[in-house]
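There are 2 protein chains.
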Amino acid sequence: MPYFDTASSAPLHPVARQALLAALDEGWADPARLYREGRRARLLLDAAREAAAAAVGCRPDELVFTGSGTRALHDGIAGALAGRRRVGRHLVVSAVEHSAVLHAAEVHRAGGGTVTEVPVDRTGAVAPGAYAAALADAPEPTALACLQSANHEVGTEQPVAEVAEECRAAGVPLLVDAAQSLGWGPVPGGWSLLTASAHKWGGPAGVGLLAVRKGVRYAPQGPRDERESGRAPGFENLPAIVAAAASLQVVRQEAAAEAARLRELVDRIRTRVPRLVPEVEVVGDPVRRLPHLVTFSCLYVDGETLLHELDRAGFSVSSGSSCTSSTLEPSHVLRAMGVLSEGNVRVSLPTGTDPSDVERFLELLPGLVRSVRERFGAPAAAAPGTPAPAAAAPAAERVVDSLGKRCPIPVIELAKVIGEVPTGGVVTVLSDDEAARLDIPAWCEMRGHEYLGERPAERGTAYRVARRA
Amino acid sequence: MPYFDTASSAPLHPVARQALLAALDEGWADPARLYREGRRARLLLDAAREAAAAAVGCRPDELVFTGSGTRALHDGIAGALAGRRRVGRHLVVSAVEHSAVLHAAEVHRAGGGTVTEVPVDRTGAVAPGAYAAALADAPEPTALACLQSANHEVGTEQPVAEVAEECRAAGVPLLVDAAQSLGWGPVPGGWSLLTASAHKWGGPAGVGLLAVRKGVRYAPQGPRDERESGRAPGFENLPAIVAAAASLQVVRQEAAAEAARLRELVDRIRTRVPRLVPEVEVVGDPVRRLPHLVTFSCLYVDGETLLHELDRAGFSVSSGSSCTSSTLEPSHVLRAMGVLSEGNVRVSLPTGTDPSDVERFLELLPGLVRSVRERFGAPAAAAPGTPAPAAAAPAAERVVDSLGKRCPIPVIELAKVIGEVPTGGVVTVLSDDEAARLDIPAWCEMRGHEYLGERPAERGTAYRVARRA
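As given, the protein sequences belong to chains A and B, one line each in that order. All the letters of the first sequence, read from the start, carry residue numbers 0 to 468 under numbering that gives the first Met the number 0. All the letters of the second sequence, read from the start, carry residue numbers 0 to 468 under numbering that gives the first Met the number 0.
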């Protein structure tokens, strides 16, 4: 049964399991104690720290273990901001960071700090110049900048080294969220703080990494605690830490060969899905990307239904569609990129993925998408250049009332009606679905129509589209 | 090799190990996902929550899993204080709480809140009336009161039900730190919040419990996160959570029989150590106490040296002596109780302790204490009623300069000189060792002399003792 959602959580690496078992026997005592069980635990902790630090590319005394990647981000951001509070309270983040970063930024803003969100292009990448501008145009001196090494939803790698250089020039520390990439290799460039999460590379749950370079001003927040240099309170989760470090070492040894292998499998998906499935947008940078991750969106498809069909067919994948989120909003990443969110599918292959599973996925996907579209009454895929159906003189303006209807219905109704207005004619869609705000412009971009903008309506929002194609 | 420090961390229970292994295979995926691996993880998480809630005595939706007991305390206290911020900012804690509570109280004080520390008697217990008084005499309305179920250093059980009743009457929520007792049974009485730590009952590291009763005002602090009802951010440490819940169930089934067995072994230590070793004070309540834990202090003994000797002899124990702490201060618990801290030994027996190991400990201890005392030149134990040695008319006042000398030297020098002044004569000890502040009065109490008090000296502190015996 192929599991294609390693970006959420990777299956436990056999080496992690083995190391965890050994450490359960040897590493259950308190490493702060001086008796033999404590000394043994301390040795294991020190060795794990050295191994993880070598993989991160820092000194062991710069690295602490936290209870999760989220905790590493929350605590790392709070500690770095507090360390430079006297310098200024401005924080720079990209618009496509993990929600843990964006929620930490919310708290900072609520506490009186200022935040700049750096936008991304249609591939999901930031421009180093945009970070430079955010630092230069800051309303007050910047305490910290944050940037992920690669995006968790679309796989696009960020220009970390270049952004680090801009930050260095401005005298601002850069925190890099390396959760998605650390298993594939060290983060290049002059970062100041780095975070990661073991269960993303095949380590166990319960272990995050937080590295703070010597010389970076850092003031841990919350009640003091002697563990982990005062930067991560609570009894060390030692067996899991040992397993995390051991698996990181092994995953790194296998990384180059496995990256090449998975990159080829992902290329198959990137190339063949648009050929096999009409009306699909593959998103994210095609080259500068994580080797194992690809995301695409299918017009006129309900993401939750497609995920359910894929699950029934044995494939576990993820989605950034609004219907798969508890808030009924599309993923903030897809929104920042301005790409289609409906029928969104993220495939992230675990190490060791069997190529035949990818082939089977490619075989099954077209039929599943077709059946979901049929169920939703989607318009038949238009072959390029198909003329609008001959009819009585079409009205130059039509209004589609999609109020109360959820993604993908508003876009489906728009697509059905657009052929009924003449070229240059306008369709107004009334919708109260958050996904429409992203997906109607994205549909226009895909189909060559002109998006005229939105305005508040009596209920919901009116989205206006001019027929061009 | 007997491990007698289960109060620091218990060896992993075999059931915890077994459950952890099973959950590593079944529970590595994200329980928030809808595909089969996610659903399987969600089922495991729900079952673990139900089992743990039943053991705690709360509803499953009142209980969340945190990354450690310390995190449960830090986050639980912060959330409860914030939930009642508009009511008032007064916090009540006992003087013998775990440092995680006292450090959370420090942060609260630093942020403008007020804190009352409720004192304890010589057994380490609070009086319910003292909590009532702290609530009644508060400088502002009280947001929260905290009390441990039993003390981690001396084993004394606190009158939780009575204090909960006082809090209920005052309309103040009570948070109970049940870290040391939850494996032995549910906490009685009407608590509002409860915390615990799995590795204290034989579960794995990396799991704390935080229960918040319905109706208790609670506002989680820090960046928001959807996991664990928004009360414990970060990816769930599911295999460890499953192991924690399974081991808690089993430990509870064995608790009554094992408690009776360990209580008898601890009684042997409580009774026989003072007979076998001269000048020993066994501390903590002899009856109302944890079944597996006993603490005693040995006059004229360096705690670190004694622990080292015990470790060489194969026994792993803990100590609250200043010389075994990184701050060179004696344990705040012993200080609050006003008992001797030098030569302090905490024995906490794991479940399954072999009685022959306790016997061997009792055989070895007297010789080890004697050899440490000889090394430090301690005075020979005085048989009761031994007259002072005949000598030239003794001076009525003597000064002992112990500046720069660490515990147990100042008390040893005092003990040597006291016989050289006449009854009613005064010895002044000059010391800059923090332990002296606690141990000189405690020595007076043990030996029947009168402690006259301390005052600042040109260097260090002058402690004055009048000879009575």
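All C-beta atoms, glycine included, are put in the ideal place defined by N, C-alpha and C.
Same chain, Cβ closer than 7 Å to residue i, five either side skipped, listed in chain order
{"i": "A/Ala-387", "result": "Summary for A/Ala-387: the model assigns pLDDT 48, below 50, so the residue's position carries little reliability, and this model does not support an answer."}
{"i": "A/Leu-43", "result": "Ala-22, Glu-25, Gly-26, Leu-237 and Val-241"}
{"i": "A/Arg-269", "result": "Val-281, Pro-285 and Val-293"}
{"i": "B/Ser-318", "result": "Gly-302, Leu-306, Asn-343, Val-344 and Arg-345"}
{"i": "B/Pro-203", "result": "Leu-11, Ala-15, Leu-19, Ala-197, Ala-239, Ala-242 and Ala-243"}
Three-state secondary structure (DSSP) of residue i
{"i": "B/Ala-277", "result": "Looking at the sequence provided, one finds Pro at residue 277 of chain B rather than Ala. If DSSP states are grouped into helix, strand and coil, B/Pro-277 belongs with coil."}
{"i": "B/Ala-47", "result": "helix"}
{"i": "B/Gly-182", "result": "coil"}
{"i": "B/His-107", "result": "helix"}
{"i": "B/His-89", "result": "strand"}
{"i": "A/Arg-246", "result": "Just to set this straight, residue 246 of chain A is Ser in the shown sequence, not Arg. In the structure shown, A/Ser-246 sits in a helix (DSSP, three-state: H, G or I)."}
{"i": "B/Leu-261", "result": "helix"}
{"i": "A/Thr-427", "result": "strand"}
{"i": "A/Val-464", "result": "strand"}
{"i": "B/Val-215", "result": "coil"}
{"i": "B/Thr-65", "result": "strand"}
{"i": "B/Val-416", "result": "helix"}
{"i": "B/Asp-29", "result": "coil"}
{"i": "B/Ser-7", "result": "coil"}
{"i": "A/Gly-188", "result": "coil"}
{"i": "B/Arg-397", "result": "strand"}
{"i": "B/Pro-440", "result": "helix"}
{"i": "A/Gly-229", "result": "helix"}
{"i": "A/Pro-13", "result": "helix"}
{"i": "A/Ala-382", "result": "Note that A/Ala-382 scores 47 on pLDDT, short of 50, meaning its location in the model is unreliable; the coordinates nonetheless yield the value given after this. It is coil, neither helix nor strand."}
{"i": "A/Ala-387", "result": "Reliability of the predicted coordinates at A/Ala-387 is poor, the pLDDT of 48 falling under 50, and the value obtained from them is presented with this limitation in mind. Coil at A/Ala-387, not helix or strand."}
Within chain B, the residues that residue i reaches when beta carbons sit closer than 7 Å
{"i": "A/Val-106", "result": "Gly-221 and Pro-222"}
{"i": "A/Ser-315", "result": "Tyr-34, Arg-35 and Glu-36"}
{"i": "A/Phe-64", "result": "In chain order: nothing, as chain B lies at least about 10 Å away."}
{"i": "A/Glu-235", "result": "Ala-204"}
{"i": "A/Tyr-2", "result": "Glu-36"}
Residues of its chain near residue i, where Cβ-Cβ distance is below 8 Å and the 5 sequence neighbours each way are ignored
{"i": "A/Thr-460", "result": "Leu-429, Ser-430, Asp-431, Ala-435, Arg-436, Glu-453 and Arg-454"}
{"i": "A/Gly-424", "result": "Pro-393, Ala-394, Ala-395, Glu-396, Arg-397, Ala-465 and Arg-466"}
{"i": "A/Ala-103", "result": "Leu-72, His-73, Ile-76 and Ala-77"}
{"i": "A/Leu-348", "result": "Phe-3, Thr-5, Leu-261, Leu-264, Val-265, His-291, Leu-292 and Val-357"}
{"i": "A/Leu-80", "result": "Arg-88, Leu-90, His-107, Gly-112, Ala-142 and Leu-143"}
Neighbouring residues, chain B, relative to residue i (Cβ below 9 Å)
{"i": "A/Ala-461", "result": "Here the premise fails: no neighbours, minimum Cβ distance about 32 Å."}
Chain A residues whose Cβ lies nearer than 9 Å to that of residue i
{"i": "B/Ser-180", "result": "Within chain A, no residue comes near B/Ser-180; the closest Cβ sits about 17 Å away, beyond 9 Å."}
{"i": "B/Leu-11", "result": "Leu-23, Asp-24, Trp-27 and Pro-238"}
{"i": "B/Ser-325", "result": "Ala-31 and Glu-225"}
6 Å CB neighbourhood of residue i in its chain, flanking five on each side removed
{"i": "B/Leu-298", "result": "Glu-278"}
{"i": "B/Asp-60", "result": "none"}
{"i": "A/Thr-427", "result": "Val-398, Ala-461 and Arg-463"}
{"i": "B/Tyr-304", "result": "Correcting the residue type first, residue 304 of chain B is Thr in the shown sequence and not Tyr. Result list for B/Thr-304: Val-371, in chain order."}
{"i": "A/Ala-178", "result": "Gly-68, Ala-195, Ser-196 and Lys-199"}
{"i": "B/Asp-29", "result": "Gly-37"}
{"i": "B/Ala-494", "result": "Because chain B spans 0 through 468 in this model, residue 494 of chain B falls outside it and cannot be assessed."}
{"i": "A/Arg-405", "result": "Asp-432"}
{"i": "B/Gly-221", "result": "none"}
{"i": "A/Ala-163", "result": "Leu-173, Gly-188, Gly-189 and Trp-190"}
{"i": "B/Leu-361", "result": "Arg-271"}
{"i": "B/Gln-248", "result": "Ala-50"}
Chain-ordered chain A contacts of residue i [CB-CB under 7 Å]
{"i": "B/Pro-349", "result": "None at all; the shortest Cβ gap to chain A is about 11 Å."}
{"i": "B/Thr-115", "result": "Going along chain A, no residue has its Cβ under 7 Å from B/Thr-115, so there is no contact; the nearest lies around 18 Å."}
Beta-carbon neighbours of residue i, restricted to chain B and to distances below 8 Å
{"i": "A/Asp-310", "result": "Leu-33, Tyr-34 and Arg-35"}
{"i": "A/Thr-304", "result": "Here the premise fails: no neighbours, minimum Cβ distance about 11 Å."}
* Looking at C-beta atoms only, is the number of pairs between the region 199 to 215 of chain A and the region 227 to 238 of chain A that lie closer than 8 Å three or more? -> As far as the Cβ criterion goes, the region 199 to 215 of chain A touches the region 227 to 238 of chain A, which means the pair count is three or higher.
* Counting pairs of beta carbons, one from the region 245 to 256 of chain B and one from the region 111 to 125 of chain B, are three or more of them closer than 8 Å? -> Segments in contact, no.
* To do: Examine the Cβ distances between the region 54 to 62 of chain B and the region 179 to 197 of chain B and report whether three or more of them are shorter than 8 Å.
  => Yes: the two stretches touch, three or more of their Cβ pairs being nearer than 8 Å.
* Asked: Does the region 129 to 139 of chain A come within contact of the region 255 to 274 of chain B, defined as at least 3 CB pairs closer than 8 Å?
  -> Judged by Cβ distances under 8 Å, the region 129 to 139 of chain A makes no contact with the region 255 to 274 of chain B, as fewer than three pairs qualify.
* Where are the alpha helix (DSSP H) runs, 4 residues long or more, that stay fully inside the region 294 to 374 of chain B, in chain order? -> With a minimum length of 4 residues, the continuous alpha helix (DSSP H) runs that stay inside the region 294 to 374 of chain B are 302 to 311, 331 to 336 and 354 to 374.
* Mind pulling the alpha helix (DSSP H) runs of 4 or more residues that sit fully within the region 90 to 174 of chain A? -> The qualifying runs are 98 to 109, 127 to 135 and 159 to 169.
* Three-pair Cβ contact test at 8 Å for the region 360 to 370 of chain A versus the region 8 to 22 of chain A -> Output reads no: the region 8 to 22 of chain A does not touch the region 360 to 370 of chain A.
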